[in-house]
Structures are given as C-alpha cells and as structure tokens.
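Convert by adding 111 to the 1-based position in the sequence shown; the result is the number in the numbering used here.
We put the beta carbon where it would ideally sit given N, CA and C, even for glycine.
These notes are about the structure you will find just below.
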Amino acid sequence: MLEPLPANCQERILCCYVNTTSQIQIARITNITNWYFERVVFPGQRFLFETPPEAKLEIYTGAIASAICSDRIPCVHLRLHSSIQGVSSILSC
Numbered sequence: 112m113l114e115p116l117p118a119n120c121q122e123r124i125l126c127c128y129v130n131t132t133s134q135i136q137i138a139r140i141t142n143i144t145n146w147y148f149e150r151v152v153f154p155g156q157r158f159l160f161e162t163p164p165e166a167k168l169e170i171y172t173g174a175i176a177s178a179i180c181s182d183r184i185p186c187v188h189l190r191l192h193s194s195i196q197g198v199s200s201i202l203s204c
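Encoded structure:
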C-alpha cells in the first residue's frame, strides 16, 4: 500500500533512484515525521517517487536478515528537473 505524504507537507519533489547493482535493495525514508516509506528496488530498476525535499533515502543491500545501510542520499540530489521534451528527464534518471 502506498502511504500518502504527510498532511503538513507543503512542498514535494519528484525523484528517481536507479539500482545499478546486481542485488535487490530496500529503499527507505525514515527522517520524515509521521511518514513510513519503504520499497523493494530490483537490480536495474528505475524507481520514481515523490517526497518532501528534506527527505533522505536510505539504501539497504544484502540478505534480508543481514541487510546493511549501504548509502544515505539526500533526495534533492535525486530530484528530476522538468525539461522541454517532457519524459526525457524520466528516461535519463
């Protein structure tokens, strides 16, 4: 089930994360109060999501029982910018 953004979220950004590894990853955002966000990202998958700009995406890699946080990325670094060609920014994320 998709969790809606918190009601007090005034601004949101569209982001894209790409799993460039050969392993399944878990993408999680935990620094936004009253919001739970966690998704499985398969190898090679492009993952689009909306989030408040202050969010940090945590990437967990490894076996389910022993997954470690392998990266913590500010979501503003994953932000998609609008372009004249429309979907070209989504395809190049």
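Have a look at residue i and residue j and give me their C-alpha separation to the nearest angstrom.
{"i": "Ile179", "j": "Ile137", "result": "10 Å"}
{"i": "Asn130", "j": "Asn119", "result": "30 Å"}
{"i": "Ile201", "j": "Tyr147", "result": "Its pLDDT being 48, under 50, Ile201 is placed unreliably in this model, and the value from its coordinates should be taken loosely. C-alpha separation (whole angstroms): 24 Å."}
{"i": "Gln156", "j": "Gln134", "result": "11 Å"}
Kindly indicate which residue of the options has the alpha-carbon position closest to the one of residue i.
{"i": "Asn145", "options": "Cys127, Pro117, Thr162", "result": "Pro117"}
{"i": "Phe153", "options": "Thr132, Thr162, Val187", "result": "Thr132"}
{"i": "Ile170", "options": "Leu125, Pro115, Glu149", "result": "Glu149"}
{"i": "Arg183", "options": "Pro115, Thr172, Arg123", "result": "Thr172"}
{"i": "Arg139", "options": "Cys126, Leu168, Leu125, Arg123", "result": "Leu168"}
In the DSSP assignment, what are the bridge partners of residue i?
{"i": "Arg209", "result": "Residue 209 cannot be examined here, being either before or after the span of the chain that is shown, 112 to 204."}
{"i": "Thr144", "result": "The partner list for Thr144 (beta bridge, DSSP) is empty, contrary to what the question assumes."}
{"i": "Glu161", "result": "Leu125"}
{"i": "Pro154", "result": "DSSP output for Pro154 lists no bridge partner at all."}
Does residue i pass the burial test, meaning 16 or more other C-beta atoms within 10 Å, or should it be called exposed?
{"i": "Leu159", "result": "exposed"}
{"i": "Thr141", "result": "exposed"}
{"i": "Ala176", "result": "exposed"}
{"i": "Tyr128", "result": "buried"}
{"i": "Val151", "result": "exposed"}
{"i": "Val198", "result": "Residue placement at Val198 is poorly supported in this model, since its pLDDT is 49, which falls under 50; the coordinates still yield a value, given next. Exposed, by the Cβ-count rule."}
So the beta strand (DSSP E) residue i belongs to, where does it begin and stop?
{"i": "Cys180", "result": "179-185"}
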